[in-house]
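Note that my numbering gives residue 977 to position 10 of the sequence shown, counting from 1, and the numbers run on in steps of one.
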Amino acid sequence: MQEHKANAKMVTSLMMRLLPIQILFAAVGTVNGIVSSYFAANFVGIDAMGAVGLYGPLNLIISACSTILLGGSAFLCGKYMGQNEQHKVNNIFTLDVVLSVFLSLVIITVLLFLAAFDLTFIFTKDISVRAIFNTYILGQAIGIIPFILGNQLTVFLSLENRQRVSVVASISFIIVNLILNYIFVRVLHMEAFGLALASSLGMWVFCLLEASHFAFGASYMRFSLSDFDLDELKDIILIGIPSAEESAFHSVRGFIINGLLTTYVGSIGISAFAAVNNLLTVFMAIPAGMIAVSRLLISVAIGEDDRQTLTDIMRGMFRRYIPIMCGISVFIIVLAEPFASLFYKDPADPVYMMTVWGFRIVPLSMPFSLIIMHFICYVHAVDRHVILHILNVLDGFLCVSLFTVLLIKSLGMNSVYIAYVLSGVVTTFVICVYPLVVKGTIPRHLEEFLAMPDEFGTSSHDRMDISLKKMEDVPLVAEKIQNFCRGRGVDKKRSYIAGLSMEEMAGNVVRHGFTNDKRQHSVDVRVVHKNDDIILRIKDDCVAFDPRERQFLAEDEDITKNIGIRMVFKIAEEVKYQNLLGINVLTVRI
């Protein structure tokens, strides 16, 4: 029996288990860019490649609008699921779907207006590129609804631990997108419109497959107009705006970079930058998947008021995610020239070497970006708004734009790439200085480095964590919990009941959950003394099991059946069970 280790191990295991699927989800959005770039460069022309590059900042604006809803809704759903508030979860889900469709219609109207009246001169003065850009926008407008709504549904499916639905939808999107690009661009010669139309129709397939779970499946979240309540709208927007800040700033940064490249490098600079961006976006699906996993876990930890889990999530990022990201960066740098040749075949063409150097330099910024994204997610969750806005401004556009302005006259195209690395270094340095400014002392461990608010969660003095790995550990739980409660001034009777209840519930998990498969399992037992309440919590990664169901399974001819579980329900003030992200969470309040 070990203290403090089971929760950390379980969190790390969950982070790695959810990661492949979340990477796949994130990659779905990047497939559009890489496939469009490949077909544009090889079958349409450099002007079409420029149109794809020009759409990038515009797409970031659309993503920022979508993220306002996504960030706020996902956080509140995770929080309410952590609190077992079914009615509020349904309301948030319904609000999000309705608002997503409304937002999509507004964006479609704006895009059609820009393209139909040739107002895209604000993006480029090149008439030939602008004509291609207009048709590309028209094709993209067809896919706005599934793009925004599909992003929302992916996160909701993850919260319900139904990632398989999104896996099927993601694979279907990739296949449809590739086939339609080949037909529309290579066979039918629909050029830029075909590029955009292929991805739009692919997104419709993706979104409809995900929506089928909520329409026909046994989903936890339900679209329910009877639960529809606009009172939560303000919270969704207020929570979601900081999440969208980064995309909005990236969009502004994109416009600035495109303007600088047009002035000092020319249109080939935009083409090279588009190639680098679109291919690296595929690899950036890895840190995007990492932050998606962490965001889900952080939202649940906030709902559970769980200080330790927040620390364990950040520790898992440093120990597992950062080494993976460093390996990915090295991989990209080594293959810089083969990657550049996917878009431009002639090594003598200036755009070729511009692209190569992008693949050699920009990957150095990726580990820094992962740290920054996690820290932004964390400070957002704990309502540290000042540092949140500072980090969004620095990493979002200020550092990259400023360093590019300072370096572009002397370094040309490479100034943009180097600016990304310098931005990561500067922003990470600010993160390291932050706890020193807030606490006034040099942090000694990770929790102090995070400068976690004192009022959040339960301090180590008021809680005890115990790890169970075998049945022989269970009898010792009661004694440890009783001693903890007595040490906190709890009366002898309640201390005994707390120990007995946890022994019974933990023993039930080990007895039945550990034997259902050949995997190694552990149980994280936590006892908290807060506001004169004794709160017992068990987390395990065994098969889903709700003890409330077994409470009612006693038969008249066998009054001893499930007597231990029924005893706990009788003496406890409250018993709550949830299965969150594939983890069983049982909370007993004495």
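Positions of the beta carbon are idealized from the N, C-alpha and C atoms, including for glycine.
Since the model is a prediction, treat every value here as computed from it, not as a measurement.
Asked                                                                                                         : Found
Alpha-carbon to alpha-carbon, L1263 and I988                                                                  : 13 Å
Sequence-distant residues of its chain with Cβ nearer than 7 Å to E915 (five each side left out)              : Any answer about residue 915 is impossible in this case: the structure gives the chain only from 968 up to 1557.
Residue range of the alpha helix (DSSP H) that includes T1076                                                 : Q1053 to A1083
Contact under 8 Å by Cβ, D1491 with M977                                                                      : yes
Nearest-angstrom beta carbon gap, I1300 and I1398 [assumed within contact, 8 Å]                               : I1398 to I1300, Cβ: 24 Å. No contact.
Status (buried if at least 16 other CB within 10 Å, exposed otherwise) for M1438                              : exposed
C-alpha distance - S1377 paired with N1101, whole-angstrom precision                                          : 34 Å
Euclidean distance between Cα positions of A1539 and I1557                                                    : 5 Å
Simplified DSSP state of H1156, which is helix, strand or coil                                                : coil
Cβ neighbour criterion (16 or more within 10 Å) applied to L1164                                              : buried
Burial state of L1302, where buried means 16 or more other Cβ atoms lie within 10 Å                           : exposed
Simplified DSSP state of M1431, which is helix, strand or coil                                                : strand
Coarse secondary structure for E1541, derived from DSSP in three states                                       : strand
Sequence-distant residues of the same chain with beta carbon closer than 7 Å to V1346, five excluded per side : I1354 and L1355
For L1503, the first and last residue of its enclosing beta strand (DSSP E)                                   : D1500 to D1507
Pair within 8 Å by beta-carbon distance, E1414 and V1441                                                      : no
Reduced DSSP secondary structure (H/G/I, E/B, other) of H1496                                                 : strand
Proximity of I1448 and G1466 at Cβ, strictly below 8 Å                                                        : yes
Local Cβ density within 10 Å of L1027, reported as buried at 16 or more and exposed below that                : buried
For T1087, the nearest candidate out of I1104, V1073 and L1072 (CA to CA)                                     : I1104
R1486, DSSP secondary structure in three states                                                               : coil
Cβ separation of R1453 and V1494, assumed to be a contact under 8 Å, to the nearest whole Å                   : Not confirmed; about 12 Å, so no contact.
Rounded separation between F1310 and C1174 - CA only                                                          : 30 Å
Cutoff 6 Å; reference C1366; Cβ partners in own chain excluding five residues on either side                  : S1390 and V1393
Separation of S1030 from A975, as counted between CA atoms                                                    : 33 Å
Paired residues, beta bridge with G1411 - DSSP                                                                : The question names Gly, yet the displayed sequence has Arg at residue 1411. In the DSSP output, where bridge partners are listed per residue, R1411 has none listed.
Candidates D1508, Y1022, I990 and C1044: closest to V1267 by CA position                                      : C1044
With 16 other Cβ atoms within 10 Å as the buried cut-off, status of N1450                                     : exposed
Cβ pair count under 8 Å reaching 3, the segment 1141–1161 against the segment 1183–1192                       : no
Whole runs of the alpha helix (DSSP H) within the segment 1216–1285, excluding any shorter than 4 residues    : 1234–1250, 1252–1270 and 1274–1283
Stretch pair the segment 1063–1081 + the segment 1269–1288: three plus CB contacts closer than 8 Å            : no
Residue range of the alpha helix (DSSP H) that includes L1126                                                 : I1111 to L1126
Opposing strand residues paired with D1491 [DSSP bridges]                                                     : S1434 and K1506
Closest by C-alpha distance to N1359, when choosing among E1212, L1176, K1459 and T1229                       : E1212
Helix, strand or coil at V1349 according to DSSP, with G and I counted as helix                               : coil
Contact under 8 Å by Cβ, H1496 with C1509                                                                     : no
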